[in-house]
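Going by full-length UniProt numbering, the sequence shown opens with residue 1, and the numbers climb by one from there. Beta carbons: idealized from backbone N, C-alpha and C, even for Gly. Treat the numbers as computed from the prediction; the structure is a model and nothing was measured. Input: a single structure, listed below in structure tokens.
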Amino acid sequence: MSILLKNGQGYVDQKLTKLNILIENQHITDLNSSVTSADQVIDLQQALVTPGLIDVHVHLREPGFTNKETIKTGSAAAAHGGFTTIGAMANLNPTPDTPKRFTNQLDLNTKGSVKIKQYAPVTRDRKGAAVVDFKALKSVGAFAFSDDGAGVADSQVMFTAMQKMADLNMPLCDHAQDMQLTQGGVINAGSAAQRLAVPGVNKVSETAQIARNLVLAQTTGVHYHVCHVSTKESIELIRIAKKSGVKVTCEVTPHHLLLDDTMIAQDDAQLKMNPPLRSAEDRMACVAGLMDGTIDLIATDHAPHTDQEKQQGFLKSPNGIVGSETAFALLYTKFVKTGIWSLNNLIGWMSIAPKRVFQLTNVGQLKQGDLADIAVFDLNHSEKIDAAKFLSKGHNSPFIGQQVFGKTILTLVDGQIVYRRG
Numbered sequence: 001m002s003i004l005l006k007n008g009q010g011y012v013d014q015k016l017t018k019l020n021i022l023i024e025n026q027h028i029t030d031l032n033s034s035v036t037s038a039d040q041v042i043d044l045q046q047a048l049v050t051p052g053l054i055d056v057h058v059h060l061r062e063p064g065f066t067n068k069e070t071i072k073t074g075s076a077a078a079a080h081g082g083f084t085t086i087g088a089m090a091n092l093n094p095t096p097d098t099p100k101r102f103t104n105q106l107d108l109n110t111k112g113s114v115k116i117k118q119y120a121p122v123t124r125d126r127k128g129a130a131v132v133d134f135k136a137l138k139s140v141g142a143f144a145f146s147d148d149g150a151g152v153a154d155s156q157v158m159f160t161a162m163q164k165m166a167d168l169n170m171p172l173c174d175h176a177q178d179m180q181l182t183q184g185g186v187i188n189a190g191s192a193a194q195r196l197a198v199p200g201v202n203k204v205s206e207t208a209q210i211a212r213n214l215v216l217a218q219t220t221g222v223h224y225h226v227c228h229v230s231t232k233e234s235i236e237l238i239r240i241a242k243k244s245g246v247k248v249t250c251e252v253t254p255h256h257l258l259l260d261d262t263m264i265a266q267d268d269a270q271l272k273m274n275p276p277l278r279s280a281e282d283r284m285a286c287v288a289g290l291m292d293g294t295i296d297l298i299a300t301d302h303a304p305h306t307d308q309e310k311q312q313g314f315l316k317s318p319n320g321i322v323g324s325e326t327a328f329a330l331l332y333t334k335f336v337k338t339g340i341w342s343l344n345n346l347i348g349w350m351s352i353a354p355k356r357v358f359q360l361t362n363v364g365q366l367k368q369g370d371l372a373d374i375a376v377f378d379l380n381h382s383e384k385i386d387a388a389k390f391l392s393k394g395h396n397s398p399f400i401g402q403q404v405f406g407k408t409i410l411t412l413v414d415g416q417i418v419y420r421r422g
């Protein structure tokens, strides 16, 4: 089957160009086609065409927590947001920590409508004690390794993991948090925590863990990737480490770019995540770090929960918000429409950079001959973020009701339409 996407515009070789994309046999066969007919012709009416976006940090919850999300609903949500490739974290039950369990997980992942790259854990059952067999898990398809949801507390365990992974040329992705320093906090230690009389998370809990792991990474030569960096001090440590030659990369979430703890007006667990929303100074440091190249890419940390779970307030509700369906539109509206970022930069941080950092092939670019992983966005019309339109099971978002530009019109994976706006 052939598809012609006509009258679009997108970046090719860093230039915004008119595009008429012909797709045949799953591949892009022409970016500037003179063909006027195909099995299916879609007039994009000057909408923005991008490579399919890549989100290296999502929680699909299946198996073990399908009341929150499933592979089917989570991948549908990703497609709704323009993502064609996602990295699924290993905080599942059972944990995919052996080759057999991992291949079983890959079989489950085939239910998804987008490409799902599966993380394996760093430690068995994510308990932070014994490390997994990294080589065996790589051989059956592990995308990267992470105990995300918790940091690896034991220094010797992390050192051993880095030593064993150093020759695999794969990222060890770290949820940087020293739990002994969090002191039972539920939001950032600051004025909001004081005003609401809830325990605060001192940001040194993140920075101290990153400092330790940067030393270990420098010693071992492993590719150390920091998940959802959130503090000014953490970013400065990573900046210095990069200049010193440490093989370190990092990501930031949309919510740590858009929100800070000054916006917490009441006990509203839609604003509870881990790491927590930090200070306004930390948020601006995240923006600056992204713009100067210290932070490599944007990842959503899409973390769905049930409505009931998130109605229990800061003290009892679980951490996390959904992000797959809102990330591009929110960031485009806040940063590109206002002239803070270029559109090309945003696309790069959400497609080209994750492709580079995680060494993905045949994705993250609009190129003749590549598989047709494509997203199309409407930049000219705005609409409110409406939870009723979410395809995720999770509606836990502080952004519901916000007016945004850049909603997804169309998403294709391997030349097949996996989302089309009705």
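Determine the contact status of residue i and residue j, defining contact as a CB-CB distance below 8 Å.
i           : j      : result
Thr85       : Val114 : yes
residue 423 : Ala217 : Residue 423 lies beyond the residue range present for the chain, which begins at 1 and ends at 422; the question has no answer from this structure.
Val357      : Leu290 : no
Ser392      : Gly74  : yes
Arg126      : Asn91  : yes
Leu315      : Val418 : no
Gly323      : His256 : no
Leu106      : Leu366 : no
Ala47       : Leu4   : no
Pro398      : Val56  : no
Arg212      : Thr294 : no
Ser317      : Ala269 : yes
Throw me the rounded Cβ distance for the residue i and residue j pair, which I believe falls under 8 Å.
i      : j      : result
Pro275 : His228 : 6 Å
Leu331 : Leu343 : Going by Cβ atoms, the distance from Leu331 to Leu343 rounds to 10 Å, so no, they are not a contact pair.
Phe405 : Leu379 : 6 Å
Asp167 : Gln209 : So it is not a contact: roughly 24 Å between Cβ atoms.
Leu93  : Pro63  : The sequence given here has Asn at residue 93, not Leu. Yes, Asn93 and Pro63 are in contact; Cβ-Cβ is about 6 Å, under 8 Å.
In whole angstroms, what separates the C-alpha of residue i from that of residue j?
i      : j      : result
Gly141 : Thr262 : 42 Å
Met162 : Pro171 : 10 Å
Thr160 : Gly221 : 12 Å
Leu410 : His225 : 31 Å
Leu259 : Met273 : 11 Å
Phe65  : His59  : 10 Å
Thr182 : Asp154 : 16 Å
Lys401 : Cys286 : At residue 401 the sequence reads Gly, which differs from the Lys that was named. Spanning the two alpha carbons is a distance of roughly 25 Å.
Tyr119 : Ala88  : 6 Å
Asp148 : Lys389 : 28 Å
Ala299 : Ala150 : 17 Å
Ile321 : His175 : 16 Å
Would you call residue i buried or exposed, if buried means 16 or more other Cβ atoms sit within 10 Å of its Cβ?
i           : result
Leu44       : buried
residue 425 : The first residue shown for the chain is 1 and the last is 422, placing residue 425 beyond what the model contains.
Ala288      : exposed
residue 427 : Because the chain here runs from 1 to 422, residue 427 falls outside it and cannot be looked at.
His381      : exposed
Ala78       : buried
Pro96       : buried
Asp340      : For the sequence presented, residue 340 should be read as Ile rather than Asp. Exposed.
Val122      : buried
Met284      : exposed
Thr10       : One point to set straight first is that residue 10 is Gly, not Thr, in the sequence displayed. Buried.
Ala197      : exposed
Using the DSSP secondary-structure output, state which residues sit across from residue i in a beta bridge.
i      : result
Cys250 : Val226
Pro51  : Ile374
Pro171 : His223
Glu24  : Ser2 and His27
Arg420 : Leu410
Using a Cβ-based criterion (distance less than 7 Å to any ligand heavy atom), does residue i qualify as near the ligand GTP?
i      : result
Ala303 : The ligand GTP is absent from the structure shown, which contains no ligand whatsoever.
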